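Heads up, the thing below is written out as structure tokens.
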Ligand SMILES: [Zn+2]
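Below, the structure is given as structure tokens:
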């Protein structure tokens, strides 16, 4: 039986997201486990769903 590989298990849980911060326009990083995104500039945290709604 093949082993299930969790892509986040051995790496930094933050993955680069292709979205901009809703507050300052900085780069957002997605925290996949909690479905949140955090801005690298102002450290604001957004729910991934909110970011998707704004930047579709
Ligand atoms: Zn920001």
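In full-length UniProt numbering, the protein residues as written are 1 to 56. Every residue gets a Cβ at the ideal spot worked out from N, C-alpha and C, and that includes glycine. On a predicted model such as this, the values are computed, not experimentally measured, just so you know.
- Distances between the C-beta of residue 48 and the heavy atoms of ligand 1 are all 7 Å or more.
- Pairing residue 46 with residue 52, the inter-Cα distance amounts to about 10 Å.
- Rounded to the nearest angstrom, the gap between the Cα atoms of residue 15 and residue 3 is 23 Å.
- Fully contained in the stretch 27-56 are the following beta strand (DSSP E) runs of length 3 or more, in chain order: 27-31, 36-39, 45-47.
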